[in-house]
Amino acid sequence: MNNLAAKLSPEQYENNFAEIHPPFSHNSAVAEANRCLYCYDSPCTKACPTHIDIPAFIKKIASGNLLGSAKTILESNWSALTCAKACPVQVLCEGACVYNDKEEPAIQIGRLQRFAIDNYFKSGMPKLFSPKEKNGKSVGVIGSGPAGLACAAELSLLGYKVTIYEANKIPGGLNTWGIAPYKTRQADSLKEVELVKSFGVEIKTEILVGKTISFEKLSKTHDAVFIGIGLGESTNLKIPGEELNGVVNAIDFIEEVKKEKWDSVKVGKRVAVIGAGNTSIDAATESKRLGADEVMILYRRSREEMSAYDFEFELAKNDGVIFHFLTAPKRIIGNSSVEGIECTKMKLGEPDEKGKRKPIEIPGSEFVMPVDMVIKAIGQSAKTKFLNSITGLQVENGRVVVNPDNYQTGNEKVFAGGDCINGGKEVVNAAYDGKMAAHGIDGYLNKTAL
Amino acid sequence: MIDLSIDCGGIKSPNPFWLASAPPSNSAYQNCKAFEQGWGGTVWKTIGEPVMNVCNRYGSIDYNGQKIAGLNNIELISDRPIEINMKEIAETKKLWPDRAVVVSLMVESKKESWHDIVKRTIDTGADGIELNYGCPHGMSERGMGSAVGQVPEYCKMITEWVTEISTIPVLVKLTPNVSNIVMPARAAKAAKASGISLINTINSIMGIDLNTLKIKPSVAGKSSHGGFAGPAVKPIALHMVSQVALDKEVKLPISGIGGISNWQDALEFILLGASSVQVCTAVMHYGFRIVKDMIEGLTFWMEEKGFHSLDEVRGKALPQIDDFGNFNLLHKTVARIDQAKCIHCNLCYIACEDGAHQCIDLIPENGHTKTIVRESDCVGCDLCSIVCPVEGCISMVRLDDGKEQKTWNELTNDFKNEGKELTWENLGEFQKKYGIVIH
Chain A
-11 MNNLAAKLSP EQYENNFAEI HPPFSHNSAV AEANRCLYCY DSPCTKACPT HIDIPAFIKK
49 IASGNLLGSA KTILESNWSA LTCAKACPVQ VLCEGACVYN DKEEPAIQIG RLQRFAIDNY
109 FKSGMPKLFS PKEKNGKSVG VIGSGPAGLA CAAELSLLGY KVTIYEANKI PGGLNTWGIA
169 PYKTRQADSL KEVELVKSFG VEIKTEILVG KTISFEKLSK THDAVFIGIG LGESTNLKIP
229 GEELNGVVNA IDFIEEVKKE KWDSVKVGKR VAVIGAGNTS IDAATESKRL GADEVMILYR
289 RSREEMSAYD FEFELAKNDG VIFHFLTAPK RIIGNSSVEG IECTKMKLGE PDEKGKRKPI
349 EIPGSEFVMP VDMVIKAIGQ SAKTKFLNSI TGLQVENGRV VVNPDNYQTG NEKVFAGGDC
409 INGGKEVVNA AYDGKMAAHG IDGYLNKTAL
Chain B
3 MIDLSIDCGG IKSPNPFWLA SAPPSNSAYQ NCKAFEQGWG GTVWKTIGEP VMNVCNRYGS
63 IDYNGQKIAG LNNIELISDR PIEINMKEIA ETKKLWPDRA VVVSLMVESK KESWHDIVKR
123 TIDTGADGIE LNYGCPHGMS ERGMGSAVGQ VPEYCKMITE WVTEISTIPV LVKLTPNVSN
183 IVMPARAAKA AKASGISLIN TINSIMGIDL NTLKIKPSVA GKSSHGGFAG PAVKPIALHM
243 VSQVALDKEV KLPISGIGGI SNWQDALEFI LLGASSVQVC TAVMHYGFRI VKDMIEGLTF
303 WMEEKGFHSL DEVRGKALPQ IDDFGNFNLL HKTVARIDQA KCIHCNLCYI ACEDGAHQCI
363 DLIPENGHTK TIVRESDCVG CDLCSIVCPV EGCISMVRLD DGKEQKTWNE LTNDFKNEGK
423 ELTWENLGEF QKKYGIVIH
């Protein structure tokens, strides 16, 4: 890469990646917990994809029953720490808080959840759950992300022998590798992994199913299989220059940053991030925080169509990220390394079949911006090759098709959940899928037992 | 022009706000500082018998994260010699001639002792005396404080020892730790007291530290009951003030005490008959400066309501106090929920469903749940509007026109005249006649 960003001091890096939502002190947590109205049939619980009984866990913080609070949370969500720190609470639980209608600040549910769960891990994970007696059946779980972990935790408590197969050396999936470090660190995700392991779940790392071991073989070893493999490669831009040195995909870049070896991450002085989803925001803010002088986000539609959450957009703007809307990359310029990016201005046409207004190129509007690095963040494609190799399993629009009631795929002993069935949503959705799929599997295996 | 000045049994002050006899009024330094901030008077911390205090002296209860919903203490009367206190009182009075300086006294139950200390108090130039018959701890075991206040005969005897020689007004401060507050008040009246101060603190144990199992406050592992004060005691104090104010025998000016933290609290005491009000816990929490808001808030309120002096306000709420038997049984209210204001917390629903009379329905609507009152079943208890966190969202709407009245006393009298017994059947007949349905 040409023009690498100047290295920062270790203090600067730590400062740049310091938590954006610091933990509550005991007093402030209790004060906030006491603000909670303890709604009945509460909107926050309904808004949470895992339906945590939020007023109940908050009141337990107020009463000093912190262990009970953690139990209430974990009963619904096995990625409780990650979700507490990384959930888009503004559009979920906190967005539904009745205080919004009172024009008063919503209860800080995420931070309260974190307070309870932090305390749980700090107290050494006291035993809150007792697995049922082993029922002699085994389930293989592919992927140790939030969906896989939730499925494994739930099944092991139900009495199943569960083995998780994880391609990476460090488990946790996107919780470990995909969340901006100023939200969560690897250590957070690994605590959740440890909790699930404490139920007797075995995690086999560096096993890439389909390569290290065939799916067929794995499937024969177990009574049922859960697929929680998330998505695959970042989508290509399909423009000239994509092969140049300095063009990276967002997922790889974010993963590199997650290693927390800040000065070994390669980042250019001037960075262009293509796409305007939440992953693009992460890539852009992380580039900026790693020391890039100039970071821009290029998006071919306008602010309104952007899929990034408002608060993520604000975060990026506060970091000094420049947004170029209605701007599409045409080619990446450079000899061996990126030197610039040629773009054209766009305008919005009529809405397409999905209701999204189609961007139309404005002829003759080409212009070139000098950049040293291009980060591709226009989405990820499904691991279709692997998925298609599974007998009976159907993939539509890059998503594994499941029965919404029990998460069963076209192959009756194969279940799936998380990003691979929804095309990429939040951790909390994956955690819910995994949990529900576990009960789907339980239903299936119990039925076959009868 | 608003006049806040008062006269409480001959003790005059420019406003009704006095420091109660307590730690904040312990010294000339504190009392003078309080006067600088605007306090109208002070009741000097009780002076008298030699005492020694202990550590710790206070225990408090917090409520839902709010500090000091109530405070208790096991502090005794002034632990400084009488001479020093008398000297400081004289100096303070000289510096602040327009403020009320009342001296709280407590000595052993001997006529000579009382005569001696009363004379010395008069010599300081103080405006009045308050007899401490309330202190519920430490002093009562020695036959003083509430040991006197709890026995009307002692109360009368000692008060007489004081009033027979005092040339300045004498207030008698009562303990609430009695079954009927009116009795000691009548005793004070019989002994020619100038006024009644109430309430002193309530016997209490503040709580237990669940880690150490120590009772609060803890004195090197030992604890005892202490005197409970602060915001939590206000309703009890208001009730006792009203009882004394309404008593046909007592008829004495009242200095109201008990959980007064601001002008609104003070007004409630005044509306129930208090001439002056005394404050301790709120000052212990926030300092003397709180009086500025008390004076200002009270003044603005009087302006807004068109009152000119506190004489026009005093006791204004008292006529409402009546026996349950005189309440109109035909008064009918129902809860109405303003759907536009509702934030869908459903607290009214669960309160009514589990804690009252099951007359609110929870109906799903547009992703929310709508709370609807079944008015035919609503008993008008007011619980839903009490739990509702949104101002003005649930209102209790009056359905009767007030033309018809039947009180319990009237009803049972009717029964008597008609030769009917008070039975469920006869009561049911009456209810049926007026469409009163009990679920």
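The listed protein sequences derive, respectively, from chains A and B. For the first sequence, the working numbering begins at -11 and goes up steadily by one. For the second sequence, the working numbering begins at 3 and goes up steadily by one. Positions of the beta carbon are idealized from the N, C-alpha and C atoms, including for glycine. Since the model is a prediction, treat every value here as computed from it, not as a measurement.
Chain A contact for residue i (CB, 8 Å cutoff)
i, result
"N368(B)", "no"
"P233(B)", "no"
"L349(B)", "yes"
"N66(B)", "yes"
"L385(B)", "no"
"Y413(B)", "Correcting the residue identity first, residue 413(B) is Leu in this sequence and not Tyr. Answer no: the Cβ-Cβ gap between L413(B) and chain A never drops below 8 Å."
"V375(B)", "no"
"L364(B)", "yes"
"I352(B)", "yes"
Contacting residues, own chain, Cβ-Cβ under 7 Å from residue i (five flanking each side not counted)
i, result
"T301(B)", "I4 and L6"
"S311(B)", "D5"
"L145(A)", "F117, P119, K120 and F187"
Separation of residue j from residue i, as counted between CA atoms
i, j, result
"N323(A)", "Q78(A)", "45 Å"
"I438(B)", "T414(B)", "17 Å"
"L133(B)", "M108(B)", "7 Å"
"K90(A)", "K34(A)", "19 Å"
"A437(A)", "A212(A)", "At A437(A), the pLDDT of 49 sits below 50, so the modelled position is not reliable; the number obtained from the coordinates is stated separately. For A437(A) and A212(A), the distance between alpha carbons rounds to 13 Å."
"L(-4)(A)", "G279(A)", "7 Å"
"Y148(A)", "K115(A)", "19 Å"
"Y1(A)", "N391(A)", "46 Å"
"E330(A)", "L(-8)(A)", "20 Å"
"V120(B)", "C386(B)", "54 Å"
"L78(B)", "P52(B)", "10 Å"
"E162(B)", "I8(B)", "26 Å"
"Q96(A)", "P11(A)", "11 Å"
"F311(A)", "A155(A)", "36 Å"
"R102(A)", "M113(A)", "14 Å"
"G275(B)", "D325(B)", "18 Å"
"V164(B)", "H117(B)", "7 Å"
Chain B residues whose Cβ lies nearer than 7 Å to that of residue i
i, result
"P31(A)", "H346"
"D89(A)", "I345"
Residues of its chain near residue i, where Cβ-Cβ distance is below 8 Å and the 5 sequence neighbours each way are ignored
i, result
"C34(B)", "T94, L97 and W98"
"T70(A)", "P134, N163, I167, T172, D176, S177, E180 and V415"
"D106(A)", "P11 and L69"
Neighbour flag for residue i against chain B, beta carbons, 8 Å
i, result
"L(-4)(A)", "no"
"Y28(A)", "yes"
"A94(A)", "no"
"L25(A)", "yes"
"N399(A)", "no"
"A19(A)", "yes"
"V86(A)", "yes"
"N22(A)", "yes"
Contacting residues, own chain, Cβ-Cβ under 6 Å from residue i (five flanking each side not counted)
i, result
"C139(A)", "V129, F214, G422, A425 and A426"
"A102(B)", "I13, S15, G43 and D129"
"E190(A)", "T151"
Element boundaries [beta strand (DSSP E), containing residue i]
i, result
"H287(B)", "Here H287(B) belongs to no beta strand (DSSP E); instead the alpha helix (DSSP H) covers T283 to Y288."
"C10(B)", "I8 to C10"
"A231(B)", "G228 to A231"
"Y135(B)", "G130 to Y135"
"M3(B)", "Run containing M3(B): none; DSSP gives neither H nor E here."
"M361(A)", "M361 to K364"
"P358(A)", "F355 to P358"
"E51(B)", "That residue, E51(B), is in no beta strand (DSSP E); it is neither H nor E in DSSP."
"F403(A)", "V402 to A404"
Chain-ordered chain B contacts of residue i [CB-CB under 8 Å]
i, result
"A50(A)", "N66 and G67"
"A104(A)", "Ordered by position in chain B, no residue passes the 8 Å Cβ test against A104(A), which lies about 16 Å from the chain."
"N53(A)", "Per Cβ cutoff of 8 Å: no residues; N53(A) is ~12 Å from chain B at best."
Under 7 Å by beta carbon: chain A residues contacting residue i
i, result
"V392(B)", "K90"
Within chain A, partners of residue i - CB distance below 8 Å
i, result
"T371(B)", "D29"
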